[in-house]
Structures are given as C-alpha cells and as structure tokens.
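Engineer:
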Amino acid sequence: MSDSRVTWSKYSSLQALYPLAGRLIPWCAGAAVLFMAAGLYLGFFVAPTDFQQGEAYRIIFVHVPAAWMSMFLYVMMALWAGLGLGLKARPSFMMAQAIAPTGAIFTFLALLTGALWGKPTWGAWWVWDARLTSELILLFLYLGVMLLHASIDDLRRADRASALFALVGVVNVPIIYFSVRWWNTLHQGASVSMTAAPKMAATMLTAMLLMAIGFWLYSMAVILMRLRCVILERNSQPRWNQSAVEPGVKEIRA
Amino acid sequence: MSQAGLGGAVGAIVKRDLLLAFRRRADLSTTVFFFIMVASLFPLGVGPEPGVLRAIAPGVLWVAALLSCLLSVGRVFTADYQDGVLEQMVLIPHPLIVMVLAKVFAHWLVSGLPVVLLSFLLGLQFGLEGDALAVLALSLLLGTPTLSLIGSIGAALTLGVRGSGMLVALLVLPLFIPVLIFGAGAVSSTVSGIGAEANLSLLGACLMVALPLAPWATAAAVRIAVE
Numbered sequence: 002m003s004d005s006r007v008t009w010s011k012y013s014s015l016q017a018l019y020p021l022a023g024r025l026i027p028w029c030a031g032a033a034v035l036f037m038a039a040g041l042y043l044g045f046f047v048a049p050t051d052f053q054q055g056e057a058y059r060i061i062f063v064h065v066p067a068a069w070m071s072m073f074l075y076v077m078m079a080l081w082a083g084l085g086l087g088l089k090a091r092p093s094f095m096m097a098q099a100i101a102p103t104g105a106i107f108t109f110l111a112l113l114t115g116a117l118w119g120k121p122t123w124g125a126w127w128v129w130d131a132r133l134t135s136e137l138i139l140l141f142l143y144l145g146v147m148l149l150h151a152s153i154d155d156l157r158r159a160d161r162a163s164a165l166f167a168l169v170g171v172v173n174v175p176i177i178y179f180s181v182r183w184w185n186t187l188h189q190g191a192s193v194s195m196t197a198a199p200k201m202a203a204t205m206l207t208a209m210l211l212m213a214i215g216f217w218l219y220s221m222a223v224i225l226m227r228l229r230c231v232i233l234e235r236n237s238q239p240r241w242n243q244s245a246v247e248p249g250v251k252e253i254r255a
Numbered sequence: 260m261s262q263a264g265l266g267g268a269v270g271a272i273v274k275r276d277l278l279l280a281f282r283r284r285a286d287l288s289t290t291v292f293f294f295i296m297v298a299s300l301f302p303l304g305v306g307p308e309p310g311v312l313r314a315i316a317p318g319v320l321w322v323a324a325l326l327s328c329l330l331s332v333g334r335v336f337t338a339d340y341q342d343g344v345l346e347q348m349v350l351i352p353h354p355l356i357v358m359v360l361a362k363v364f365a366h367w368l369v370s371g372l373p374v375v376l377l378s379f380l381l382g383l384q385f386g387l388e389g390d391a392l393a394v395l396a397l398s399l400l401l402g403t404p405t406l407s408l409i410g411s412i413g414a415a416l417t418l419g420v421r422g423s424g425m426l427v428a429l430l431v432l433p434l435f436i437p438v439l440i441f442g443a444g445a446v447s448s449t450v451s452g453i454g455a456e457a458n459l460s461l462l463g464a465c466l467m468v469a470l471p472l473a474p475w476a477t478a479a480a481v482r483i484a485v486e
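So the protein sequences, as listed, match chains A and B. So in the working numbering, spot 145 of the first sequence is number 146, and the numbers just go up one at a time. So in the working numbering, spot 219 of the second sequence is number 478, and the numbers just go up one at a time.
Below, the structure written as structure tokens:
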C-alpha cells in the first residue's frame with residue numbers, strides 16, 4: 002500500500018507527469034482505434050435491424066456512448082477540481098482544465114447525434130424534453146467553466162474559480178441521468194441498466210459497450226495530450242522543460 | 260463570538276445594504292423598471308390577443324423576473340470588493356457564510372420582493388385571474404430567493420474580472436433553468452386546471468437545497484477573489 006502511494010504522489014510533480022502522459026498517449030490512442038473499429042463494425046454490419054426504428058437506430062452506437070462520456074467526464078472534471086481545491090495541487094487543476102474541452106465536444110456530439118436520431122423517429126430535430134434540456138445545460142456548464150478560466154488573468158485564481166464553478170455544476174449530472182425516470186418524457190428510458198436484464202440484442206449491447214470503451218480511451222489520449230500542452234504552456238521557464246519543449250512542440254505539430 | 264454578536268453582525272450588514280440601496284434609488288428602480296419593461300415588450304411583439312397573452316404570461320413574467328434578478332445580482336459584491344469592505348468582511352470573526360447570506364437576503368429584499376409584489380399588476384395586464392395570480396406571486400416568492408442565492412455564486416466568482424456582467428449571465432443562467440421551469444410550470448398548470456402543488460413543492464425543494472449550499476459556494480468564491 003505504502004509502495005503504491007509513493008509511486009502515485011510522484012506524479013504530482015509536473016516533471017514526472019509530463020513524460021508519463023507522453024508514454025500513455027500512444028497506448029490509449031491505439032487501443033481507442035481498435036475498440037472503436039470493432040464497435041462500429043459490430044454496430045453497422047453485425048447488429049440486427051431494429052423492428053421499430055429500422056436502420057436509423059444505428060446512431061445509438063455513437064449517441065449513447067457520447068452521452069455517457071459527457072456526464073462521466075463532467076464528474077471526472079469536478080473530481081479533479083475538488084482534489085485541486087482540497088489539496089491545493091496544481092496538476093489536478095491542469096487535469097480539470099484539460100478535461101473540459103473534450104467533455105464539451107462529447108456533449109455537443111450527444112446533442113447532435115440525438116438531433117439526427119430524433120428527426121426520423123420523433124419527426125423533429127429538437128424537442129424541449131427534460132433530458133435534452135438538461136444535456137444542453139451540461140454543454141453550457143462546460144462552456145462556463147472554460148470561459149471563466151479564460152477570462153481571469155491570474156492563473157491561480159482562474160484555476161480555483163473555475164474549479165468551484167465545476168463543483169457547483171455537478172448538481173446537474175444526476176438530473177440528466179434520472180430525468181427520463183422523474184419526468185415522463187419523449188426521450189426513451191435507459192436502454193442499459195445494471196439491475197435489469199438488457200432490453201436489446203446482445204450484439205447491440207456489445208457494440209455499444211465497445212464504443213463506450215473506445216470513446217473512453219480516446220478521451221484519455223486527447224486529455225493527456227492537452228495536459229502536456231497545458232504543462233508546457235504554464236512552465237516555459239524551468240530548466241527541465243527546455244529539453245522537453247522541443248520534442249513536445251514537434252509532437253504537437255506532427 | 261456570542262450568538263448576539265453574530266446576530267448583530269447580520270443585522271448590521273442587512274441594514275447597511277438596505278441603506279446603500281435606498282441612497283442610490285436609481286439602481287433600485289432600474290431593476291424594477293427593467294422587469295416592467297421586459298414584460299411589457301411581449302404584448303407589443305406578440306400582439307394583444309388576450310388568449311395568446313394568457314398562455315404566454317407565466318413564461319414571460321418568469322423570464323422577466325429572472326433577467327431583472329440577473330441584472331442586479333451581478334453587482335452584489337462589486338462595490339464592496341472595490342472599496343475593500345469585502346476583505347474586512349472576510350476578516351470578521353463570524354462565519355463568512357452567514358455574512359454572505361445576509362448580503363443575499365438584503366439583495367432579495369431590494370430586488371426580489373418588489374418583483375413579487377409587482378407580479379400581481381403585470382399578471383393582471385396579461386389577463387391572469389384569481390388563483391393563477393396568487394400562484395404566480397407565490398411561485399415568485401419561493402423562486403426569487405433561490406435566484407438571488409444562485410446568482411451570488413456567479414457574482415462572487417467573477418469579481419474583478421473584465422466583462423464580468425456577461426460572464427455572470429453565462430455562468431448563472433444555466434443554473435437558473437430548473438427554477439424557471441418549475442416556476443412557470445406552477446402558473447401554467449394552475450391556468451390549465453391541473454393544480455400547482457407539484458411544481459410549487461419542487462420550487463420549495465430548490466430553495467431548500469440552495470439555502471445551505473449556495474452561500475457555502477459563494478463564501479468560497481469570495482475567499483478566492485479576495486486572497
């Protein structure tokens with residue numbers, strides 16, 4: 002136990018974190034490609050056509066994992082933000098800052114694929130339903146976190162203020178998750194649940210889970226990449242960085 | 260640090276804020292007139308059809324109340340931040356949360372309460388009657404304190420930030436949405452005869468959640484800004 006503690010706290014030093022992130026990125030990115038390719042193949046070629054919704058339902062393989070990631074990443078961002086506020090640890094704030102744009106992109110993707118799915122099945126691109134609205138609020142919260150961080154010049158204050166806002170916004174996540182159960186709305190209920198037997202074919206479920214894992218690995222890769230950029234951006238002075246900046250910049254350009 | 264000392268401090272802050280507000284009556288009336296103006300624009304824009312106006316009244320009046328709260332809440336801490344009073348408030352040997360709560364309460368008295376009272380008049384202009392008018396005022400009475408509480412978080416987070424007015428709006432409006440939905444929902448369900456109990460209960464629940472949590476977040480944000 003004490004061993005692992007030493008190992009982990011070592012990475013609160015940026016000097017150790019930067020190369021660790023660099024080593025993890027190719028593995029995450031490679032695995033993400035594999036999982037997403039497998040998930041898309043299963044979803045588009047193997048999974049049976051839905052008897053109600055026809056082929057249109059196949060967007061579920063992007064929509065549901067994107068929606069999951071949007072909520073999961075928000076909770077992760079809030080966790081890192083809380084850690085940063087509690088431990089006054091700079092790397093935690095940097096992680097929170099790195100997660101926000103990816104989370105916002107997944108939220109946007111969930112809304113966009115939802116609109117594309119809504120048109121053929123509900124006949125409307127958008128309805129003001131509880132889950133859609135709360136997901137839209139999630140997008141606004143992500144944007145708020147990023148805007149607040151960008152508009153405060155003092156980095157230390159920007160970190161702490163946006164972390165606090167991220168924590169405040171976390172109340173929205175359970176609202177999104179339970180919205181289909183609390184309000185009787187147009188959006189269908191959860192298709193996958195931990196307690197009940199899945200309501201869909203096994204191949205569909207497998208494809209969706211593969212896509213979710215793929216999205217998760219992709220997020221890891223992109224977030225770590227952004228983390229490295231944030232580290233470089235904030236530490237242009239220290240000597241250890243001089244050797245790191247050059248390959249770092251090359252990597253970013255490539 | 261006796262109980263009386265805490266009460267005295269709260270009383271002093273509320274009294275001081277009220278006094279400041281009444282010395283600058285222009286600020287006070289801006290908020291109220293803004294509420295009236297925004298609400299009056301809709302009949303001009305949508306047309307004077309009574310049926311339509313009655314249907315949109317709950318939403319319009321709630322949005323107007325929400326915007327007027329947003330207009331004033333962004334300035335709750337600004338003056339105190341600029342002249343250093345906020346720093347002294349952080350140094351008071353009483354919990355900052357209670358001091359923040361006192362300031363938010365003063366803000367609500369000055370900008371929330373007039374909106375609640377005026378809602379009767381504007382509701383009449385939109386053709387609401389009887390129960391619907393009472394529910395409108397009741398929903399605003401339950402909802403506007405929540406708006407002040409949530410808004411104070413945004414105000415404290417953006418202290419001394421350039422373009423803070425717009426930023427407060429962007430931060431706080433998403434968090435206002437549930438209050439808006441339940442508040443307007445209470446009135447429109449009364450109009451359609453379903454009964455407003457469920458929505459009013461949810462509004463009360465929002466207030467009960469915001470009352471202990473929002474001042475805590477605001478106090479943390481004030482500390483971040485003052486440090």
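Don't be surprised by glycine CBs; every beta carbon is placed ideally from N, CA and C.
1) Buried or exposed: Leu211 of chain A, going by 16 or more other Cβ atoms within 10 Å of its Cβ?
2) Taking the alpha-carbon positions, what's the Ser220 of chain A to Ile356 of chain B distance?
3) Near Leu86 of chain A, what residues of its chain come up, given a Cβ to Cβ distance below 6 angstroms and the 5 sequence neighbours on each side ignored?
4) For Tyr55 of chain A, which three-state DSSP category applies?
5) Does Ser220 of chain A get closer than 8 angstroms to chain B when you measure Cβ to Cβ?
6) Do the CB positions of Val319 of chain B and Ala298 of chain B come within less than 8 angstroms of each other?
7) Taking the C-alpha atoms as reference points, what is the distance between Asp390 of chain B and Trp321 of chain B?
8) Suppose only complete runs of 3+ residues qualify. What are the beta strand (DSSP E) ranges in the segment 322–376 of chain B, listed by chain order?
9) Closest by CA to Lys120 of chain A, which one among A:Ile60, A:Ile26 and A:Ala39?
10) Counting along the chain, where does the alpha helix (DSSP H) carrying Phe109 of chain A start and finish?
11) Can you tell which of A:Lys11, A:Asp154, A:Ala17 and A:Asp160 has the C-alpha that lies nearest to the C-alpha of Arg421 of chain B?
12) Out of curiosity, what's the CA-to-CA distance linking Ala361 of chain B and Gly442 of chain B?
13) Just the chain B side, please: which residues come within less than 8 angstroms of Gly145 of chain A by C-beta, in chain order?
14) Below 9 angstroms between beta carbons is the criterion; list the residues of the segment 401–414 of chain B that meet it against any residue of chain A, in chain order.
15) Let me know the secondary structure DSSP gives Trp129 of chain A once reduced to three states.
16) Taking all protein chains shown into account, decide if Tyr42 of chain A is buried (16 or more other Cβ within 10 angstroms of its Cβ) or exposed.
17) Which same chain residues end up closer than 6 angstroms to Leu84 of chain A when comparing Cβ atoms and leaving out the 5 residues on each side of it in sequence?
18) For Pro66 of chain A, which of A:Ala101, A:Gly40 and A:Pro49 has the nearest alpha-carbon?
19) Is there a Cβ from chain B that is less than 8 angstroms from the Cβ of Ser237 of chain A?
20) Closest Cβ-Cβ distance between Leu148 of chain A and chain B: below 8 angstroms?
21) To be precise: take each residue of the segment 436–458 of chain B, compare its Cβ to all Cβ atoms of chain A, and keep it if any distance is under 7 angstroms. Which residues remain?
22) Within the same chain, show all residues whose beta-carbon is closer than 8 angstroms to that of Gly145 of chain A, passing over the 5 residues directly before and after it, in chain order.
23) At 7 angstroms on the CB atoms, spell out the chain A contacts of Arg421 of chain B, in chain order.
24) For Ile26 of chain A, which residues in the same chain have their Cβ closer than 7 angstroms to its Cβ, ignoring the five residues on either side in sequence?
25) Identify the continuous alpha helix (DSSP H) that holds Tyr12 of chain A and give its terminal residues.
26) Is Ser451 of chain B helix, strand or coil when you go by DSSP?
27) My understanding is that Ser327 of chain B touches Val374 of chain B, with C-beta atoms under 8 angstroms, so please give their C-beta distance in whole angstroms.
28) Where does the unbroken alpha helix (DSSP H) through Asn236 of chain A begin, and where does it stop?
29) Note down, in chain order, all residues in the segment 116–146 of chain A with a beta-carbon under 8 angstroms from any beta-carbon belonging to chain B.
30) I want to see whether chain C comes within less than 8 angstroms of Leu416 of chain B, judged by CB atoms only; does it?
31) Look at the alpha carbon of Gly215 of chain A and the alpha carbon of Gly413 of chain B, and state the distance between them as a whole number of angstroms.
32) Per DSSP, what kind of secondary structure is Arg482 of chain B in: helix, strand or coil?
33) Using a 10 Å radius around the Cβ and a threshold of 16 neighbouring Cβ atoms, would you call Gln347 of chain B buried or exposed?
34) Measure the C-alpha to C-alpha separation of Ser288 of chain B and Ala22 of chain A and round it to an integer number of angstroms.
35) In chain A, which residues lie with their C-beta within 9 angstroms of the C-beta of Leu426 of chain B?
Structural biologist: Reading off the structure:
1) buried
2) 38 angstroms
3) Around Leu86 of chain A: Ala164.
4) In the sequence under discussion, the amino acid at residue 55 of chain A is Gly, which differs from the Tyr named in the question. It is a strand residue.
5) no
6) yes
7) 17 angstroms
8) none
9) In this structure, A:Ile60 is the residue among A:Ile60, A:Ile26 and A:Ala39 with its C-alpha nearest to the C-alpha of Lys120 of chain A.
10) Arg91 to Trp123
11) The shortest Cα separation from Arg421 of chain B among A:Lys11, A:Asp154, A:Ala17 and A:Asp160 belongs to A:Asp154.
12) 24 angstroms
13) The contacting residues are Leu429, Leu430 and Pro433.
14) Ile409, Ile412 and Gly413
15) coil
16) exposed
17) Counting only residues of its own chain and dropping the five nearest sequence neighbours on each side, Leu84 of chain A has a CB closer than 6 angstroms to the CB of Ser93.
18) If you compare the alpha carbons of A:Ala101, A:Gly40 and A:Pro49 with that of Pro66 of chain A, the shortest gap goes to A:Gly40.
19) no
20) Leu148 of chain A counts as touching chain B.
21) Ile436
22) Phe166 and Gly170
23) Ser152
24) Ala222, Leu225 and Met226
25) Where Tyr12 of chain A is concerned, there is no enclosing alpha helix (DSSP H), given that its DSSP letter is neither H nor E.
26) coil
27) Contact flag correct, Cβ pair sits at about 6 angstroms.
28) Taken as a continuous stretch (DSSP letters only), Asn236 of chain A belongs to no alpha helix (DSSP H), as it is neither H nor E.
29) Cβ contacts with chain B: Thr134, Ile138, Phe141, Leu142, Leu144 and Gly145.
30) Going by chain labels, chain C is absent from the structure shown, which instead holds the protein chains A and B.
31) 36 angstroms
32) In the three-state reduction of the DSSP assignment, Arg482 of chain B falls in the helix class.
33) Gln347 of chain B comes out exposed.
34) 56 angstroms
35) In chain order: Gly145, Leu148, Leu149 and Ser152.
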